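Novice: Residue numbers (our numbering), protein chains in the order written: chain A, 32 to 174; chain B, 32 to 174; chain C, 32 to 174. Ideal Cβ placement from N, Cα and C applies to all residues, glycine included. Bear in mind that the values here come from a model prediction, so they are computed numbers and not experimental data.
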Amino acid sequence: MKVKLEKVTIQTKKPTEAINVTPQVKKIVEGSSIKNGLVNIISLHTSAGIAVTEGLSCLEEDIFFILDKLIPKEGSYHHARYLDSYGRLGINAHTHLKSILTGMSTFFPIQNGKMVMSGTQTIYFLEFDGPLCRTFCVQVLGE
Amino acid sequence: MKVKLEKVTIQTKKPTEAINVTPQVKKIVEGSSIKNGLVNIISLHTSAGIAVTEGLSCLEEDIFFILDKLIPKEGSYHHARYLDSYGRLGINAHTHLKSILTGMSTFFPIQNGKMVMSGTQTIYFLEFDGPLCRTFCVQVLGE
Amino acid sequence: MKVKLEKVTIQTKKPTEAINVTPQVKKIVEGSSIKNGLVNIISLHTSAGIAVTEGLSCLEEDIFFILDKLIPKEGSYHHARYLDSYGRLGINAHTHLKSILTGMSTFFPIQNGKMVMSGTQTIYFLEFDGPLCRTFCVQVLGE
Chain A
32 MKVKLEKVTI QTKKPTEAIN VTPQVKKIVE GSSIKNGLVN IISLHTSAGI
82 AVTEGLSCLE EDIFFILDKL IPKEGSYHHA RYLDSYGRLG INAHTHLKSI
132 LTGMSTFFPI QNGKMVMSGT QTIYFLEFDG PLCRTFCVQV LGE
Chain B
32 MKVKLEKVTI QTKKPTEAIN VTPQVKKIVE GSSIKNGLVN IISLHTSAGI
82 AVTEGLSCLE EDIFFILDKL IPKEGSYHHA RYLDSYGRLG INAHTHLKSI
132 LTGMSTFFPI QNGKMVMSGT QTIYFLEFDG PLCRTFCVQV LGE
Chain C
32 MKVKLEKVTI QTKKPTEAIN VTPQVKKIVE GSSIKNGLVN IISLHTSAGI
82 AVTEGLSCLE EDIFFILDKL IPKEGSYHHA RYLDSYGRLG INAHTHLKSI
132 LTGMSTFFPI QNGKMVMSGT QTIYFLEFDG PLCRTFCVQV LGE
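1. Do N67 of chain B and F138 of chain A have their C-beta atoms within less than 9 Å of each other?
2. Residues in the same chain with beta-carbon distance under 6 Å from I59 of chain A, minus the five sequence neighbours each way, listed in chain order, please.
3. If you draw a straight line from the alpha carbon of E158 of chain C to that of K45 of chain C, how long is it in whole angstroms?
4. Of all Cβ atoms in chain C, is any one closer than 9 Å to the Cβ of E174 of chain B?
5. At a CB distance below 8 Å, what residues from the stretch 75 to 87 of chain C approach chain A? Give them in sequence order.
6. Tell me, which residues are paired with I50 of chain C by DSSP?
7. Let me see if you follow: with CB-CB separation under 9 Å, is S63 of chain B close to chain A or not?
8. For I94 of chain B, which of helix, strand or coil comes out of DSSP?
9. Between A:I102, A:A79, A:L69, A:T47, which has its C-alpha nearest K145 of chain A's C-alpha?
10. Whose CA, out of B:H76, B:L114, B:T166, lies closest to the CA of I41 of chain B?
11. How about L163 of chain A: is its C-beta nearer than 9 Å to some C-beta of chain B?
12. Under 9 Å between beta-carbons, which chain A residues line up against Y108 of chain B? List them in chain order, please.
13. Measuring CA to CA, which of A:G62, A:V52, A:E48, A:T53 is closest to K35 of chain A?
14. So if I threshold CB-CB distances at 8 Å, which residues from the stretch 133 to 147 of chain C count as touching chain A?
15. Can you look up T166 of chain C in the DSSP assignment and give me helix, strand or coil?
16. Using only alpha-carbon positions, find the residue among B:A79, B:S64, B:E85, B:I97 that is nearest to M148 of chain B.
17. In chain order, what residues of the same chain have a beta carbon less than 8 Å from the beta carbon of N143 of chain B, not counting five sequence neighbours either side?
18. Please identify the residue among B:G150, B:E48, B:L172, B:L163 whose C-alpha is closest to the C-alpha of T77 of chain C.
19. For T84 of chain C, does the three-state DSSP call read helix, strand or coil?
20. Determine the closest residue to V56 of chain A out of A:D93, A:E174, A:F156, with distance taken between C-alpha atoms.
21. So, are the CB atoms of P140 of chain B and I141 of chain C less than 9 Å apart?
22. Check the Cβ-Cβ distances between L157 of chain B and every residue of chain A, and say whether any is below 9 Å.
23. Between which two residues does the alpha helix (DSSP H) containing T133 of chain C stretch?
24. Between the alpha carbons of E105 of chain C and A82 of chain A, how many angstroms are there, rounded?
25. Check the C-beta distance from M32 of chain A over to M135 of chain B and give it rounded, since I have them as a contact under 8 Å.
26. Assign K100 of chain B to buried or exposed, taking buried as 16 or more other Cβ atoms, counted over all protein chains shown, within 10 Å of its Cβ.
27. Residue range of the beta strand (DSSP E) that S71 of chain A falls in?
28. Helix, strand or coil for E37 of chain C, going by three-state DSSP, please let me know.
29. Check the Cβ-Cβ distances between Q55 of chain B and every residue of chain C, and say whether any is below 9 Å.
30. With distances taken from CA atoms, which of A:Y113, A:I154, A:I122, A:A111 is nearest G161 of chain A?
Okay, here's the thing in structure tokens:
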């Protein structure tokens, strides 16, 4: 069994942003020499998400539109108080909650050295609290 | 390490439908000769979901009831416009967004050749945009 | 390839409760002798969740606050009827639906014998239907 782990760093540029990371993930899988197994994609943050959907800019906008509707930026959040560990008010409860709804990781099978996914499936890193420097792991396991 | 991948095709018959795929997944696991490891269940679509809940028809109905309440079919979606790649209006934004909320994959451990899950846990393929022919992967990894 | 599976039992004490299980998961990983691989954390229930967010009590409260807003306890649920298998009314539809939204499992990579996660990432077992005795699996795979 082989296990390969790469960390990918991206700089987000806007408060919210859906970044298509599929090409980077595919490149790591195809460069791993692992023919059959699994690829895991895991964000290392609690105010960002990982999601899979069709790769269309209108859908990227709809993700943030619906999440804002479900979990508005302004709300009676318990996190909206002075936090010693922050040295300031907690103002981003909504970003953490959005991350819980979308999830922060996904995975796909690998067969004959290629990811098994359909043509419409696109892996997105979802920034909810940008702009920030962000890191996600791409882990390839198999043989 | 052994890796076995099977694709399962199902024909959904209604616009929304919760299909219990647990028996098919268990059969693949038990036929794999893998004694200890992991089984991954992954949909290859962006307008369908995979979820685990108690296997009751009333709960199946509640999944669609609550998702329709949170993400109505009719809404001011950016996807609701003419799309060159479709050659028509995007009319199914809500189905993609529901898929992001439920997720499109799940996994369970395998021990002594059996899936480790409780009696109430039931794996569902959730059709949000049917009727369609759908495919999901069942991947068994282990030894 | 090594595969190790431990079941962890916890007794929840309140109707809703976010229990930080990160120390227990780390201990199992570090005691597994597996240096590189994957750790899976999977709840064996359908009215509880697993989520990852920053380890702050105010955020724990916000998780239940927002889920109650999205999926109220009282609603026109199909599950709210007499169920032969229960011998009583189904009164916890909202707990099953919350579990579907948060998900019931997560995973992290293992590198050099340690979980790869950021300092703010905290793994929570989310009780939606307590108090109850609950079990989750911690599975370590790798070499």
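Specialist: From the atom records:
1. Here N67 of chain B is not near F138 of chain A, since their CB atoms are 9 Å or more apart.
2. E37, V169, listed in sequence order.
3. Approximately 8 Å between the Cα atoms of the pair.
4. Against chain C, the CB of E174 of chain B has a partner CB under 9 Å away; the residue lies at that interface.
5. Answer set for the stretch 75 to 87 of chain C: A82, V83, T84, E85, L87.
6. DSSP, once it has assigned bridges, lists C:F156 as partnering I50 of chain C.
7. Output row for S63 of chain B: interface = no.
8. Residue state, collapsed to three classes: helix.
9. Comparing Cα positions, the closest option is A:L69.
10. Between I41 of chain B and the set B:H76, B:L114, B:T166, the nearest pair of CA atoms involves B:T166.
11. For L163 of chain A, the answer is no, since every Cβ of chain B falls outside 9 Å of its Cβ.
12. Contact of Y108 of chain B with chain A by beta-carbon distance below 9 Å involves C89, L90, E92, D93, F96, I97.
13. Considering only alpha carbons, the answer is A:G62.
14. Here the close residues are T133, G134, T137, F138, F139, P140, Q142, V147.
15. It is a strand residue.
16. When each option's Cα is compared against that of M148 of chain B, the closest is B:E85.
17. The beta carbon of N143 of chain B lies closer than 8 Å to those of K66, N67 in the same chain, with the five residues before and after it left out.
18. Comparing Cα-Cα distances from T77 of chain C to each of B:G150, B:E48, B:L172, B:L163, the minimum goes to B:G150.
19. Three-state result, T84 of chain C: strand.
20. Closest option to V56 of chain A, judged by alpha-carbon separation, among A:D93, A:E174, A:F156: A:F156.
21. Taking C-beta atoms as the reference points, P140 of chain B and I141 of chain C fail to come closer than 9 Å.
22. Output row for L157 of chain B: interface = no.
23. Bounds of the alpha helix (DSSP H) holding T133 of chain C are 124 to 133.
24. In this structure, the straight-line span from the alpha carbon of E105 of chain C to that of A82 of chain A is close to 30 Å.
25. With 8 Å as the limit, M32 of chain A and M135 of chain B do not qualify as a contact, their Cβ atoms being about 26 Å apart.
26. So K100 of chain B ends up on the exposed side.
27. As written in the sequence, residue 71 of chain A is Asn, which differs from the Ser given in the question. It spans 68 to 74 - the beta strand (DSSP E) in which N71 of chain A sits, taken as one unbroken run.
28. If DSSP states are grouped into helix, strand and coil, E37 of chain C belongs with the strands.
29. Against chain C, the CB of Q55 of chain B has no partner CB under 9 Å away; the residue lies outside that interface.
30. Minimum Cα distance to G161 of chain A is reached at A:I122.
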